[in-house]
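Below: one structure, written as structure tokens.
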Ligand SMILES: Nc1ncnc2c1ncn2[C@@H]1O[C@H](COP(=O)(O)OP(=O)(O)OP(=O)(O)O)[C@@H](O)[C@H]1O
Ligand SMILES: [Mg+2]
């Protein structure tokens, strides 16, 4: 990724979404449902490889009760979102969060391959 | 591990023959009890060891064990209490690198005690279980993972500042088992060499980390460049044909000393992989034939040359790791 990533200065958790403020002055909102649908963990990711499964994942997430996540920083490069219900496993790199803010596919069109090492 | 350090006596099991559990039930209870005890002791270990670092790579032979032992020794050099856990069952070579070749498992009061290697680093290795070096243990899936859990749960580490965990190469369940057994792992250090194949594999490791819920502390590039030094007549200039069709021109200084670095593989691959994934780059370690010798004669490079270029490179990587571990907490981000 050659483009430089602005630094996330502020994250405000609201009822249904979070508001992100970057150091370049830009502000975005990301809906929790979109965030959770983009979970990079090994269980959620493969579901996005396939359109039907992806929609199923989406429906499962939308069926969960609305809640504000607990947020932890992961090193200096990512955030983890802890939910009372549903998946809390994924580690979201700041780049991924920025992609979501810009409404870009955070997987960049690449299918997920599990444990491929 | 046929001879488990954990045993159990069930109270009252030898009175009235009628009410007692069947041998099979008894066995199940013993197993459940051992499991529970192990879980508790893993949690205790989690508390007594301040930081736990996994060392992984996508590809074999890139220098995980060299880096694991180097990090452990470099941390010990700085005065930390350090342990190293060698999870590699098929080819454990940490003991050799730590001058502990031929050691066997030391069990006392049903607890496994680590051996002490160079600079007081505590070492536990699957090699301590081997009958002889050349016969690898062939344990299949569940037994292997059970042995790892036992190794984690039954070792008397005492208080440690850092535990470095060295893994075998290739696709495996070991990192998953360790991540699930040991609470609060700080993260993983991914070792790569600057070759394209190794880089590709380390990308997979980074993706894997995200799914394991274990953070990537960063990427270390090993065997990065080979430095040649020597003497020539002072001020003389010369050029060297380097790999990749490049020419390096250099000159001897006023005292006639010169040195230049050859990039044996591709230049800067580790850094660009780290950048591409937005994970920290922890630094590069030079290609140093002394590592190979150290692996053979049991005197690690950091011990044989504590102020040499390789030891210095390691201390820089350690500094970068400590930097990542110290204040991951804010980074200026305000969460409301
Ligand atoms: N920086 C280096 N310079 C020179 N030789 C090195 C360097 N790092 C590692 N080596 C050598 O490369 C070989 C493989 O290193 P090592 O055993 O540490 O790799 P590994 O990734 O642990 O291997 P495996 O995947 O089999 O566990 C060893 O002979 C070691 O001495
Ligand atoms: Mg190794």
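Chains as they are written, first to last, in my numbering: chain A, 23 to 139; chain B, 390 to 725.
All C-beta atoms in this analysis are idealised placements derived from N, C-alpha and C, irrespective of residue type, glycine included.
- Residues of the stretch 34–46 of chain A whose Cβ lies closer than 8 Å to any Cβ of chain B, in chain order: 34 and 35.
- Put simply, the backbone Cα of residue 89 of chain A is about 7 Å away from that of residue 105 of chain A.
- By the neighbour-count criterion, in which a residue is buried when 16 or more other Cβ atoms sit within 10 angstroms of its Cβ, residue 725 of chain B is exposed.
- Per DSSP, residue 606 of chain B is one residue of the beta strand (DSSP E) stretching across 605–610.
- Setting aside the 5 residues that flank it on each side, residue 53 of chain A is surrounded in the same chain by 38 and 39, each with a C-beta closer than 7 Å to its C-beta; the list follows chain order.
- With fewer than 16 neighbouring CB atoms inside 10 Å of its own CB, residue 625 of chain B falls in the exposed class.
- When secondary structure is reduced to three states using DSSP, residue 463 of chain B falls in the helix class.
- Between ligand 2 and residue 448 of chain B, a heavy atom-to-CB distance of less than 6 Å is absent.
- By the neighbour-count criterion, in which a residue is buried when 16 or more other Cβ atoms sit within 10 angstroms of its Cβ, residue 461 of chain B is buried.
- In the three-state reduction of the DSSP assignment, residue 689 of chain B falls in the coil class, being assigned neither a helical nor a strand state.
- Beta-bridge annotation (DSSP): residue 53 of chain A is paired with A:39.
- In this structure, the alpha-carbon of residue 100 of chain A lies about 16 Å from that of residue 573 of chain B.
- Taking non-hydrogen atoms of ligand 2 into account, the C-beta of residue 514 of chain B is found less than 6 Å away from none of them.
- Closer than 7 Å to the CB of residue 30 of chain A there is at least one CB belonging to chain B.
- Around the beta-carbon of residue 429 of chain B, fewer than 16 other beta-carbon atoms lie within 10 Å, marking it exposed.
- Your pair residue 49 of chain A and residue 57 of chain A does not check out as a contact, with CB atoms roughly 16 Å apart and the cut at 8 Å.
- With a cutoff of 6 Å, residue 428 of chain B does not count as near ligand 2, since its C-beta is closer than that to no heavy atom of the ligand.
- The C-beta distance from residue 567 of chain B to residue 501 of chain B rounds to 16 Å, too long to meet the 8 Å contact threshold.
- The alpha-carbon of residue 709 of chain B is positioned some 5 Å away from that of residue 671 of chain B.
- Near ligand 2, meaning a Cβ closer than 7 Å to any of its heavy atoms, lie the following residues in chain order: B:453, B:454, B:477, B:480, B:482, B:555, B:557 and B:558.
- Cβ-Cβ distances below 6 Å link residue 437 of chain B to 548 in the same chain, with the five nearest sequence neighbours on each side left out; the list follows chain order.
- If you draw a straight line from the Cα of residue 492 of chain B to the Cα of residue 714 of chain B, it is about 33 Å long.
- Rounded to whole angstroms, the separation of the alpha carbons of residue 112 of chain A and residue 62 of chain A is 5 Å.
- Under the Cβ criterion (8 Å, minimum of three pairs), the stretch 693–705 of chain B does not count as touching the stretch 75–90 of chain A.
- In the DSSP assignment, residue 496 of chain B forms a beta bridge with B:501.
- Pairing residue 615 of chain B with residue 455 of chain B gives a Cβ-Cβ distance that is not under 7 Å.
- Taken through DSSP and simplified to helix, strand or coil, residue 550 of chain B comes out as strand.
- A straight line joining the alpha-carbon of residue 44 of chain A with that of residue 722 of chain B spans about 10 Å.
- Here the stretch 574–583 of chain B lies against the stretch 435–454 of chain B, with 3 or more beta-carbon pairs under 8 Å apart.
- In the three-state reduction of the DSSP assignment, residue 455 of chain B falls in the helix class, which pools H, G and I.
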